[in-house]
Every structure is written in C-alpha cells, then in structure tokens.
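Working notes for the structure below.
Numbering (this note's numbering), first residue to last: 20 to 99.
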C-alpha cells in the first residue's frame with residue numbers, strides 16, 4: 020500500500036495501482052527465489068521506480084532544508 024501511495028502522488032490512481040501490483044508481483048517472485056524475467060516493461064518499471072525514489076529524496080531534502088532568512092532575521096543574527 021505504501022508503494023501505491025508514493026506512486027499515486029506522481030500519477031493517476033489507475034496507473035499507480037497497476038504499477039504497485041506489478042512491483043508486488045516482482046517482489047513475491049524474488050522472495051520465492053525465482054530469477055526475475057527481464058523484459059522491456061520490467062526495465063521501464065525499474066527506471067520509473069528509481070526516478071520515483073530520486074523524486075521522493077528531493078522532496079524529503081526540501082522539507083528538511085532550512086528556510087532562507089529574511090532581512091530582519093539576518094540583522095538580528097548579526098547583533099548577537
């Protein structure tokens with residue numbers, strides 16, 4: 020469900036549901052010890068997942084980054 024929520028933020032609900040289901044199916048096969056089938060669709064999905072991870076990291080970095088100080092804050096800091 021968490022994967023679907025992340026995907027949903029970057030696309031429509033139907034696409035997010037399909038992508039999340041495909042990711043779950045691949046994860047189940049990998050846990051079962053099956054060798055993954057490498058097809059263009061799986062490659063595209065892996066690239067999309069990596070892009071999504073980069074976008075999520077950018078969002079998290081932006082949330083944690085300090086806000087720039089305004090002029091009054093800079094002056095107050097100099098006085099300390």
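Glycine included, every Cβ here is placed at the ideal spot set by N, Cα and C.
| Item | Value |
| --- | --- |
| Presumed contact (8 angstroms Cβ cut-off) between residue 64 and residue 41, rounded CB distance | 6 angstroms |
| Through-space distance from residue 81 to residue 75, alpha-carbon basis | 10 angstroms |
| Beta-carbon proximity of residue 88 to residue 96, cut-off 8 angstroms | yes |
| Residue from 52, 67, 53 whose Cα sits closest to the Cα of residue 59 | 67 |
| Range covered by the alpha helix (DSSP H) that runs through residue 89 | Element bounds for residue 89: n/a, residue is neither H nor E. |
| For residue 47 and residue 94, the rounded distance between their alpha carbons | 57 angstroms |
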